[in-house]
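Read the structure below first, then the notes.
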Amino acid sequence: GAGVSQSPRYKVAKRGQDVALRCDPISGHVSLFWYQQALGQGPEFLTYFQNEAQLDKSGLPSDRFFAERPEGSVSTLKIQRTQKEDSAVYLCASSLLVGGTSGIEQYFGPGTRLTVT
Amino acid sequence: GENVEQHPSTLSVQEGDSAVIKCTYSDSASNYFPWYKQELGKGPQLIIDIRSNVGEKKDQRIAVTLNKTAKHFSLHITETQPEDSAVYFCAASKRTGGADGLTFGKGTHLIIQP
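In order, the protein sequence lines correspond to chains Y and H.
Position 6 of the first sequence, counting from 1, maps to 286 under my numbering, and the rest follow consecutively.
Position 33 of the second sequence, counting from 1, maps to 125 under my numbering, and the rest follow consecutively.
Below, the structure written as structure tokens:
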């Protein structure tokens, strides 16, 4: 079946511009996560949604970062007034369930590579 | 918060030999430990995971072991093949029973020499 998809795959923004990154999770997956991956590093958690509710945004680096999932499916990560340090790959992951002994595996999309010039 | 350390950062092995990657975690409440493989330009791909009520899990050439007392877990790949070349990440979370993002190690670049 279809996996997690993200768009665009690549985005170049000038410093100060706003960007919006889209994530389409696997159909029926309740949980959705956003991660930021700097070059040569492991992904770092940004935020988590359970259906449409944003239950954890502790990883968002500043108030310029905003995420939403209004209908509990597609999610958008928005970055306002982009800075050079925002350059990274932004990964989206989804999992079927919230918790328990199965269904918690996170499946990742291909990511969006953001370059801020 | 949780901290995951991963070693080595680069591992080069001859094709057919075994590879071992080790991770330690800091939060004793962590109970879910997945491993991901990431190829250039792609997202991380889940290859195996283990929960804290299990000490070892195997799937064909891949196995993972967990020592809760020492708070470390390892990935073992046997009979390595060229297609195993990639960056491997370990991760930890407290997912069971609640929602929690994964905390990743910094990754191991595995190189399979022909």
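Glycine included, C-beta positions come from ideal geometry on N, C-alpha and C.
This structure is a prediction, so every number in the text was calculated from the model and none was measured.
Please list, in chain order, all residues of the same chain as Ser177 of chain H whose beta carbon is under 7 Å from its beta carbon, the five residues on each side excluded. The beta carbon of Ser177 of chain H sits closer than 7 Å to the beta carbons of Leu202, Ile203, Ile204 from its chain, once the five residues preceding and following it are set aside; these are given in chain order.
Contact set for His168 of chain H: own chain, Cβ-Cβ below 6 Å, skip 5 residues either direction: Scanning its chain for C-beta atoms nearer than 6 Å, with the 5 sequence neighbours on each side dropped, one finds around His168 of chain H the residues Val112, Ala155, in chain order.
Measuring CB to CB, does Phe125 of chain H end up less than 8 Å from Leu103 of chain H? Contact flag unset, no.
Own chain residues within Cβ distance below 7 Å of Asp366 of chain Y, not counting five before or after: Excluding positions up to five away in sequence, the list reads Ile359, Leu394, Val396.
Going by CA-CA distance only, name the one from H:Asn123, H:Gly147, H:Pro136 that's closest to Gln317 of chain Y. Taking each of H:Asn123, H:Gly147, H:Pro136 in turn and checking the Cα distance to Gln317 of chain Y, the smallest one comes out for H:Pro136.
Is the shortest distance between the beta-carbon of Gln316 of chain Y and the beta-carbons of chain H less than 8 Å? Judged by the 8 Å Cβ criterion, Gln316 of chain Y is not in contact with chain H.
Please list, in chain order, the residues of the stretch 293 to 304 of chain Y that have any C-beta partner in chain H closer than 8 Å. Closer than 8 Å at the C-beta level to chain H, one finds no residue of the stretch 293 to 304 of chain Y.
Glu148 of chain H in three-state terms, based on DSSP: Per DSSP, reduced to three states, the secondary structure at Glu148 of chain H is strand.
Quick check on Tyr124 of chain H - is its C-beta less than 8 Å from some C-beta in chain Y? Yes, Tyr124 of chain H lies at the interface with chain Y (some Cβ there is under 8 Å from its Cβ).
Which residues in chain Y sit within 7 Å of Lys134 of chain H, going by Cβ to Cβ distance? Within chain Y, the residues near Lys134 of chain H are Pro390.
Indicate the three-state DSSP secondary structure (helix, strand or coil) for Glu385 of chain Y in the structure shown. Collapsing the DSSP output to three states places Glu385 of chain Y in coil.
Under 8 Å, Cβ to Cβ, is there at least one residue of chain Y near Arg153 of chain H? Chain Y, which has no Cβ nearer than 8 Å to the Cβ of Arg153 of chain H, makes this no.
Is there at least one Cβ from chain H nearer than 8 Å to Gln386 of chain Y's Cβ? Yes - at least one Cβ of chain H is within 8 Å of the one on Gln386 of chain Y.
If I follow the unbroken beta strand (DSSP E) through Arg302 of chain Y, where does it start and stop? That run of the beta strand (DSSP E) goes 299 to 304.
Could you tell me how far apart the beta carbons of Leu312 of chain Y and Phe329 of chain Y are, in whole angstroms, since I believe they sit closer than 8 Å? With a Cβ gap of about 4 Å, Leu312 of chain Y and Phe329 of chain Y count as contacting.
Enclosing beta strand (DSSP E) for Pro126 of chain H [first to last residue]: Counting along the chain, the beta strand (DSSP E) containing Pro126 of chain H begins and ends at 124 to 130.
Contact criterion: CB-CB distance below 8 Å. Does Tyr370 of chain Y meet it with respect to chain H? Answer no: the Cβ-Cβ gap between Tyr370 of chain Y and chain H never drops below 8 Å.
Name the chain Y residues whose beta carbon is nearer than 9 Å to that of Phe165 of chain H? Per Cβ cutoff of 9 Å: no residues; Phe165 of chain H is ~15 Å from chain Y at best.
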